[in-house]
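The opening position of the sequence shown corresponds to residue 3 in this note's numbering, with each subsequent residue numbered one higher.
Using N, Cα and C, we set each Cβ at its ideal position, and we do this for glycine too.
Here is the structure we will look at.
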Amino acid sequence: MKKSVVAVLSLTAGFANADFIDFENDGAGTVANGFVSSDSTNVSFSDTFGADLALATYLEGDGNSLAVFGDDPSRLLMTFSDNVSSLSLEFGNDDFGFTGVPIFAFLRGLLGGVETALVSIAANNDDVMNQSIAIAGNFDQIEFYYALSDGSELGLIEVVDNISFEMAVVPLPPGAFAGLALLGGMGAYRRIRR
Ligand SMILES: [Ca+2]
Ligand SMILES: [Ca+2]
Ligand SMILES: [Ca+2]
Ligand SMILES: [Ca+2]
């Protein structure tokens with residue numbers, strides 16, 4: 003029985019589409035750590051330093067957007083319901099007027115609590131949400147944060163929007179189709195007997 007369940011899950015993963023979150027249907031206001039957008043139940047959002055997530059239409063965002071408040075070492079932690087293979091997001095509040103030093107955006111991919119990928123790009127430091135950053139690999143959690151070029155903490159509020167990610171495609175185990183065919187056959191047999 004367990005084998006059949008694995009096969010069905012794998013087939014589902016094989017046909018997975020990209021999830022897209024723009025927060026436009028989530029309303030405005032503070033949200034608790036573990037927040038789930040109405041756009042996708044496959045990811046939850048948390049602040050890694052305190053609990054200061056807030057949705058609003060920010061000048062530094064794109065319509066309704068998610069901010070990780072506090073001029074503190076906060077990061078946005080995204081925890082996924084299953085492994086993901088890629089993610090991209092747009093970011094704003096890259097505010098050179100506040101930091102006085104060039105800002106870098108980071109994505110840190112984790113699997114089982116261990117870092118498996120780290121990417122960064124130089125922000126254009128204009129405060130406006132007009133750049134995106136992407137990461138690819140195999141992750142069950144991903145962090146987004148602003149930092150100095152060497153990754154050291156900057157104390158800057160992150161604003162993110164237009165998050166896109168793909169669930170990892172799990173390879174079909176041998177005999178998966180045969181197992182499904184058998185299940186289907188059993189169902190048909192039961193129906194005939196009634
Ligand atoms: Ca938005
Ligand atoms: Ca915080
Ligand atoms: Ca921060
Ligand atoms: Ca910018």
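Helix, strand or coil, according to DSSP, for residue i in the structure here?
i, result
"G52", "coil"
"E167", "Contrary to the premise, residue 167 reads as Phe rather than Glu in this sequence. Strand."
"F22", "strand"
"G157", "coil"
"F43", "This sequence places Thr at residue 43; Phe is not what is there. Of the three classes helix, strand and coil, the one that applies to T43 here is coil, per DSSP."
"G63", "coil"
"G115", "coil"
"F93", "strand"
"F71", "coil"
"G177", "coil"
"G99", "helix"
"L150", "coil"
"R77", "coil"
Take the Cβ of residue i as the centre, count every other Cβ of all protein chains shown within 10 Å, and call the residue buried at 16 or more, exposed below.
i, result
"A107", "buried"
"A69", "buried"
"E145", "buried"
"F22", "exposed"
"D49", "buried"
"L61", "exposed"
"V116", "exposed"
"G63", "buried"
When the Cα atoms are used, what is the spatial distance from residue i to residue j?
i, j, result
"F37", "G177", "39 Å"
"L174", "A34", "37 Å"
"M80", "F47", "5 Å"
"A124", "P104", "8 Å"
"G52", "A149", "18 Å"
"F82", "F98", "32 Å"
"G31", "E92", "20 Å"
"D54", "S39", "16 Å"
"G72", "S90", "23 Å"
"G153", "G29", "33 Å"
"T101", "V161", "15 Å"
"A1", "Y147", "Examination of residue 1 is not possible in this model, given that the chain is present from 3 through 196 alone."
"E155", "P75", "6 Å"
Note down, in chain order, each residue of its chain lying with its Cβ closer than 8 Å to the Cβ of residue i, except the 5 sequence neighbours on either side.
i, result
"N126", "D96, N132, Q133"
"S151", "P104, F106, S122, A124"
"G65", "D24, F25, E26, T59, D163"
"T43", "S83"
"A170", "A15, D84, N85, V86, S87, N140"
"D142", "T81, F82, D84, N85, V86, L112, L113, G114"
Whose C-beta lies closer than 6 Å to the C-beta of residue i among residues of the same chain, with five residues either side of it excluded?
i, result
"G139", "G111, T118, A119"
"D41", "I23"
"A20", "S166, E168"
*asked:* Under 7 Å, CB to any heavy atom of ligand 1. Which residues pass, going along the chain?
replied: D24, F25, E26, G63, D64, G65, N66, S67, D163, N164
*asked:* Give me the pocket residues for ligand 4, defined as CB within less than 5 Å of any heavy atom, sorted by chain position.
replied: D96, N126, D128, V130, N132
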